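All the letters of the sequence shown, read from the start, carry residue numbers -21 to -1, 1 to 518 under mature numbering (1 follows the signal peptide of the UniProt record, and there is no 0). C-beta: ideal position from N, C-alpha, C; glycine also. All of these numbers come straight from a predicted model, not from anything done at the bench. Note sheet for the following structure.
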Amino acid sequence: MLVELKVFIVLTSILIINANSQELFPVTIIHLNDMHARFDESNVEANVCKPGNNDCIGGYARIVTKVKELLQTKAALNPLYLNAADNFQGTLWYNMFRWNVTSYMLNLLPADAMTIGNHEFDDGIEGLVPFLEASRSPILISNIDDTLEPTFQNMYTKSMVITKYGRPIGIIGVTTTFRSNWGQLNILPEAEAVKVEAERLKSEGVDIIIVLSHCGLDPDREIAVHGGPIDIIVGGHSHSFLWSGENPPGPDGVVSSYPTIQKQDNGRDVLIVQASAYNKYLGDITLYFDEAGEIQDYEGSPIYMSHDIPQDPEILAELIPWKVVVDQVIFRHIGDTKYEIPRNRCYSKECPMGNLMADTYAYAFLHNNPDNEGWTGASIALVNPGGIRAGLSRGDIVYGDIITTTPFENSVHNIELQGKFIRQSLEFSVANNESLILLQVSGLKVVYNMANEANNRIVSLDVLCRVCDVPRYEPIDDEKFYRLAMPDFLAGGGDGFTMIGENKRNTIVGPLDIDALENFIYKNSPMTLPFVMGRIMFL
């Protein structure tokens, strides 16, 4: 075996020759994004792997197995291991141990470079700085101005250069401008920041430039076009599964090709890669550069972290003391469902999990009526799709399932809002054809026509009355104030819904979202009927 490995290394060390007899320089990129605290293996929906399930996938131990293997077998292809962020938040592991477990586990196999994502800020600057201080991976962010946030200074660099066999390779980090708990940080436009740093690296003789991005596939396309002399973007944030060819592995739907190719105005192609989320896949691409730093060829695809991939024994051993504590809580029985409640397409269509969450928020105020008027405290509820992180599988529902579904520990707020701002928020949620953030609803019936111009796509909008003898749907009154339930993130104007945050009044703070969901499932188990669809329709 050792002889075979030595032969492999010698053979692959010979530079590849193309038809013009030009030597090509290989660079392999092994990439991970949006782990979201999936340290333990999960089911195929990225929720809790329950006892007796012999088909669980992913988990950090499988990722480490495959990363180590690729670093060894592709040693002659100049491998880089890159982490595109959002390692924080998503399971009970993070809720219990915060940055500590994330730092500890990632430091067992440090990446060559890592950027940070919006969820790294979920506990504010104070919840992120200790992670940055402890990180054994270089942190790269080019689009942050920390002038007013001294605690964040000297925690990262805009870019770095790694030299392989005398060839400098530049890596630039960039994070999303998506609203988060930034404190006094100023997040700069992504493409502009990347371009400045790329041109600087180019002027210093670096002609292979990688962008490590946590911006999402659509912003990455813009960075590719306007980000200057860059070669490839290794992305995250949008949880996009990219794949080329037939028979993609695993449960995820294909969003675009792997790599996705974006052409710049000067005719250069910039590659974009991403590997879904939740440790279900590990990205693996090898690029072949000519002497001028232009990509002449590439190969590779995401690797599905199936049950057949062995889990790294060192990582499994390191997980044990943490897992013992988590397992005391995660398998507590909450209820059960006789059918699957999926979250697929919640950003663009009405979805069962969105209906469940919206009904949960409205139910939280059924017996908590702030003005003692009507039959309920809130007949309407809105849910931003980004707050729905997983669906529920048929069968037993445990505490770990629901905290994976809604991990952010938001409070449920009951607010008053005029009908015209409800209408505006719904219009805003479908305004961008390329990237919908469709609000999931309870107590509303809305019909959209996407052929209409943005901000004029609602054809009809009916609301479930609250102060009435018999609950019924009626056309919304733009001037009337209605009571709505929603997560505090949305009530504060998150995801760009400023028309809510700036125009709400008489806020009542309700339970935590996880407590509301637990109570709703407990009171309605066993759930035997699908949640009523037909709330959102498109002509």
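Beta carbon of M478 nearer than 8 Å to that of Q419: The beta carbons of M478 and Q419 sit no closer together than 8 Å.
Just to check my reading of the structure: D47 and I288 have Cβ atoms closer than 8 Å, yes? What is that Cβ distance to the nearest angstrom? According to the sequence provided, residue 47 is Lys. The question's Asp does not apply to it. Not quite, the Cβ-Cβ distance comes to about 12 Å (not below 8 Å), so this is no contact.
Do Y60 and D13 have their C-beta atoms closer together than 8 Å? no
Beta-carbon separation of L496 and T383 under 8 Å? no
Limits of the unbroken beta strand (DSSP E) element including A357: Unbroken run through A357: none, as it is neither H nor E.
Measure the C-alpha to C-alpha separation of K143 and I118 and round it to an integer number of angstroms. 20 Å
Inspect the beta-carbon positions of R451 and Q290 and report whether they are closer than 8 Å. For R451 and Q290, no; Cβs fall outside 8 Å.
Backbone CA spacing between D467 and H392 [nearest angstrom]: C-alpha separation (whole angstroms): 6 Å.
DSSP-derived helix/strand/coil call for F157: Shown here, F157 sits in coil according to DSSP, grouped into three states, outside any helix or strand.
Would a C-beta distance cut-off of 8 Å place V108 and M134 closer than the cut-off? Taking the C-beta atoms as reference points, M134 is found nearer than 8 Å to V108.
Is the CB-CB distance between F387 and F4 below 8 Å? no
Which term fits H346, buried or exposed, when burial requires 16 or more other beta carbons within 10 angstroms of its beta carbon? With fewer than 16 other Cβ atoms from the protein chains shown falling within 10 Å of its own Cβ, H346 counts as exposed.
State the start and end residues of the unbroken alpha helix (DSSP H) segment that holds N485. No alpha helix (DSSP H) holds N485; the beta strand (DSSP E) holding it covers R484 to L491.
Span of the alpha helix (DSSP H) around I309: P292 to I309
May I ask you to report which of helix, strand or coil DSSP gives Y318? coil
According to DSSP, which residues form a beta bridge with V140? For V140, the pairing in a beta bridge is given by DSSP as G149.
Do L87 and E297 count as a contact pair if the criterion is CB distance below 8 Å? Yes, the Cβ-Cβ distance between E297 and L87 is below 8 Å.
Taking only runs that begin and end inside the stretch 417 to 489, name each unbroken alpha helix (DSSP H) of 4 or more residues, in chain order. 467 to 470 and 477 to 480
Beta-bridge pairing of G262 - partner residues as DSSP gives them: H10
Look at the alpha carbon of K459 and the alpha carbon of W161, and state the distance between them as a whole number of angstroms. 35 Å
Less than 6 Å between C-beta atoms, sequence neighbours within five positions excluded: which residues of the same chain meet that for I34? For clarity, residue 34 is Asp in the given sequence; the question names Ile instead. These residues qualify, in order along the chain: H286.
Is it buried or exposed for S219, if we count other Cβ within 10 angstroms and need 16 for buried? Classification for S219: buried.
Per DSSP, cross-strand counterpart(s) of V252: DSSP lists V213 as partners of V252.
Pick helix, strand or coil for M506, following the three-state DSSP scheme. strand
In three-state DSSP terms, what is V23? coil
I'd like the list of long-range same chain contacts for G206, defined as Cβ closer than 7 Å, with 5 residues on each side in sequence excluded. A170, V173, K174, A177 and V190
Would you say L440 and L423 are within 8 Å of each other, going by their C-beta atoms? yes
Determine the direct distance from the alpha carbon of C330 to that of V425, and round the result to whole angstroms. 14 Å
Quick check on P281: buried or exposed, where buried means 16 or more other Cβ atoms within 10 Å of its Cβ? P281 is buried by the Cβ-count criterion.
Less than 8 Å between C-beta atoms, sequence neighbours within five positions excluded: which residues of the same chain meet that for L164? I104, I123, D124, D125, L127, E128 and F131
Is it buried or exposed, L518, if we count other Cβ atoms within 10 angstroms and call 16 or more buried? exposed
Under the assumption that residue 521 contacts E453 (Cβ atoms under 8 Å), give the Cβ distance between them as a whole number of angstroms. Because the chain here runs from -21 to 518, residue 521 falls outside it and cannot be looked at.
Considering only the beta carbon of each residue, do P321 and M332 sit closer than 8 Å? yes
Where does T507 land, buried or exposed, given buried means 16+ other C-beta within 10 angstroms? exposed
Within this structure, are the beta carbons of L250 and I211 separated by less than 8 Å? yes
Return the chain-ordered list of same chain residues with a C-beta closer than 6 Å to the C-beta of F510, the five sequence neighbours on each side being excluded. P331, N334 and L335
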